[in-house]
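All residue numbers for the sequence shown refer to this note's numbering, where the first residue is 1 and numbers rise by one. Just below is one structure, and these are the notes that go with it.
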Amino acid sequence: MYLGLDLGTSGLKGLLIDAEQRLVADAVAPLTTSRTQSGWSEQNPADWIAAAESVLDSLAARQSLADVRAIGLSGQMHGATLIDAAGEVLRPAILWNDTRSSREAAEMDADPIWREVSGNVVFPGFTAPKLAWVRNAEPRIFEKVAKVLLPKDYLRLWLTGDYVADMSDAAGTSWLDTGARDWSDALLSLSGLSRDAMPRLVEGSEVSGTLRPGLAERWGFGERVAVAGGGGDNAASAVGMGVVEEGTAFVSLGTSGVLFAATNSYRPDPATAVHTFCHALPGTWHQMGVILAATDALNWYARLIGADPAELTGTLGGLRPPGRTLFLPYLGGERTPLNDATIRGAFLGLEHAADRIDAARAVMEGVAFALVDCRDALAAAGTRIETCFAVGGGSKSRYWLEAIATALGAPISVPADGDFGGAFGAARLGLIAAEGDVSIVTPPEIAEVIEPNADMTDDFAAAHARFKRAAKLVIELDGYGSVR
């Protein structure tokens, strides 16, 4: 058997598969995020370990883990986990959706070397600007930094005792020479760091270490269980969906929203704010447009009106043309294509007739339109999409998928029952690391292909044009409604 552990923002999921990639058991432990100031987002790394212990307790209570040959890891990207020389955590981890380092990111991005080497805009959510913020705001902590780990790699440290990162996750730090698949000494030097502060790099399908004997004994694992390099959450999800060849893509409706396309070569285009990262398999890369709030936006609205998100979306009925109400889903800034950490969301076109269902539709349409902006940015970067799958919790809403398919003007394939997200992709990477068979990375069985609604294509296109004009107007304002 093979175990995938996916360290997400809202929870840690463990998924166990057999040699035929059939689900054996799974378990989830919730996580919470601390937001003590506007734009801040932090988690305590100790909570990640506690969540992993809870998941392993649950799995071991239902299924013997003695036949597990390998563990694969997936996780939220970009987070800065700062470790001192004694291996202790110096402060809460600063997460991917934290925008406090917007000033530092802008200063770094103004130096052409960052884009030239990393192939990407230096976004505030990336790891390097977070360290610049710590260097400026918490110099005593910065002086003690011995290692910088990404969230899932802190979990790996606990599992194996080794400081290791994989290529796909490392590409989101701004310190990786993404084309060469190696740390950039020049970029690290600009951050006041060296290779000594970085984990060793491996490919996602390589063995990064072995499970520590004490942990193996605690949960009944066998001897020398391999731990694979794994991948950042989106790259791991792509492995789970079989999105590893040019022309294949998926749209992810998780806390954030992603339009992810696999590429067979390194083709950076930072001017479009498209992310160009290493994939989790050797010799492959990927590009993606990222929006910071997808289900996060729907969950925010549901909390606002005291409703359950699933029940709310279940009352929407069939797809309708967009109404007067518009929603901009920029609750914590935006990445693709705006690269704006200070922009905030907005409802526009509200009227007396608007009710909670109209507003719910507007929220879901706003996410769909933001994904259209990502599609346009990917096209500008020369990336073609021939096949697109749906993944993530939001993909359980048929209404949302119909809206996205119609807004994109492209069919979306819905996998048959099964979990093909980060945990499954991580388990697959564990299988490859243990057995060496990359051919197991195949697309899932398709339950349904959702076609665009031809009768509403023009309506959605017109609403998207209004969405883009509204975004330009809101960009002129800061979060308090004053002109920038």
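Beta carbons: idealized from backbone N, C-alpha and C, even for Gly.
Starting from the C-beta of residue 474, find all residues in its chain whose C-beta is less than 7 Å away, skip the five residues before and the five after it, and write them out in chain order.
-> The residues are 328, 343 and 346.
Would you mind stating whether residue 414 and residue 385 have Cβ atoms separated by less than 8 Å?
-> Not in contact: residue 414 and residue 385 (Cβ atoms no closer than 8 Å).
Integer-rounded CB distance, given that residue 305 should sit under 8 Å from residue 356 = The distance from the Cβ of residue 356 to that of residue 305 is about 5 Å, consistent with a contact at the 8 Å cut-off.
Considering only residues of the same chain and omitting the five flanking positions on each side of residue 225, which have a CB-CB separation below 8 Å?
-> Excluding its 5 nearest sequence neighbours in each direction, residue 225 has C-beta neighbours in its own chain below 8 Å: 68, 69, 70, 71, 210, 211 and 216, listed in chain order.
Can you tell me the Cα-Cα spacing of residue 396 and residue 390, whole angstroms?
-> If you draw a straight line from the Cα of residue 396 to the Cα of residue 390, it is about 9 Å long.
Which value, in whole angstroms, describes the spacing of the CA atoms of residue 129 and residue 97?
-> Distance between the alpha carbons of residue 129 and residue 97 is about 13 Å.
Report the three-state DSSP secondary structure of residue 412 (helix, strand or coil).
-> Residue 412 falls in the strand class under three-state DSSP.
Does the segment 229-243 come within contact of the segment 192-207, defined as at least 3 CB pairs closer than 8 Å?
-> Taking 8 Å as the limit for Cβ pairs, the verdict is that the segment 192-207 does touch the segment 229-243.
Leaving out five residues before and five after residue 451 in sequence, what residues of the same chain have Cβ atoms less than 7 Å from its Cβ?
-> Excluding residues within five positions, the ones whose Cβ falls inside 7 Å are 405 and 411.
C-alpha gap between residue 298 and residue 320, whole angstroms | The C-alpha of residue 320 is placed about 18 Å away from the C-alpha of residue 298.
Helix, strand or coil for residue 142, going by three-state DSSP, please let me know.
-> Helix at residue 142.
What do you get for residue 196, buried or exposed, if any count of 16 or more other CB atoms within 10 angstroms of its CB means buried?
-> Only exposed fits residue 196, as fewer than 16 other CB atoms lie within 10 angstroms of its CB.
Would you report the Cα separation of residue 213 and residue 338, rounded to the nearest angstrom?
-> Each residue's Cα considered, the two are about 48 Å apart.
For residue 65 and residue 285, believed in contact at Cβ under 8 Å, the rounded distance = Not quite, the Cβ-Cβ distance comes to about 34 Å (not below 8 Å), so this is no contact.
Cβ pair count under 8 Å reaching 3, the segment 164-174 against the segment 276-285 = Short answer: they touch.
Taking just the CA atoms, how far does residue 19 sit from residue 331?
-> Going from the Cα of residue 331 to the Cα of residue 19 covers about 42 Å.
If you run the structure through DSSP and keep just helix, strand and coil, what is residue 286?
-> Annotated three-state conformation of residue 286 is strand, per DSSP.
Cβ-Cβ distance between residue 235 and residue 199 below 8 Å | For residue 235 and residue 199, no; Cβs fall outside 8 Å.
Which full runs of the alpha helix (DSSP H) of 4+ residues lie inside the segment 164-218, going along the chain?
-> The DSSP assignment places complete alpha helix (DSSP H) segments of no fewer than 4 residues inside the segment 164-218 at 167-170 and 185-190, in order along the chain.
Paired residues, beta bridge with residue 34 - DSSP | Beta-bridge pairing links residue 34 to 42.
Residue 341 and residue 102: beta carbons closer than 8 Å?
-> Between residue 341 and residue 102, the C-beta gap is smaller than 8 Å, which places the two residues in contact.
Just mark residue 86 as buried or exposed, buried being the case when its beta carbon has 16 or more other beta carbons within 10 Å.
-> When all chains shown are included, residue 86 counts as exposed.
Between the segment 137-156 and the segment 43-60, are three or more C-beta pairs nearer than 8 Å?
-> Because the criterion of three Cβ pairs below 8 Å is met, the segment 137-156 and the segment 43-60 touch.
Taking all protein chains shown into account, do 16 or more other C-beta atoms lie within 10 angstroms of the C-beta of residue 352, making it buried, or fewer, making it exposed?
-> With fewer than 16 Cβ atoms within 10 Å of its Cβ, residue 352 is classed as exposed.
Alpha carbon to alpha carbon, how far is residue 400 from residue 143? Give it in angstroms, no decimals.
-> Taking the Cα positions, residue 143 is about 47 Å away from residue 400.
Tell me the DSSP bridge mates of residue 123?
-> Answer is none; residue 123 lacks a bridge partner.
If we count the other Cβ atoms within 10 Å of its Cβ and call it buried at 16 or more, is residue 467 buried or exposed?
-> Here residue 467 is buried, its C-beta having at least 16 other C-beta atoms within 10 Å.
Using beta-carbon positions only, say whether residue 4 and residue 302 come within less than 8 Å of one another.
-> No, the Cβ-Cβ distance between residue 4 and residue 302 is not below 8 Å.
Looking only at its own chain, which residues have a Cβ that is under 6 Å from the Cβ of residue 268, when we skip the five neighbours before and after it?
-> So the list reads 119 and 276, once near-sequence residues are dropped.
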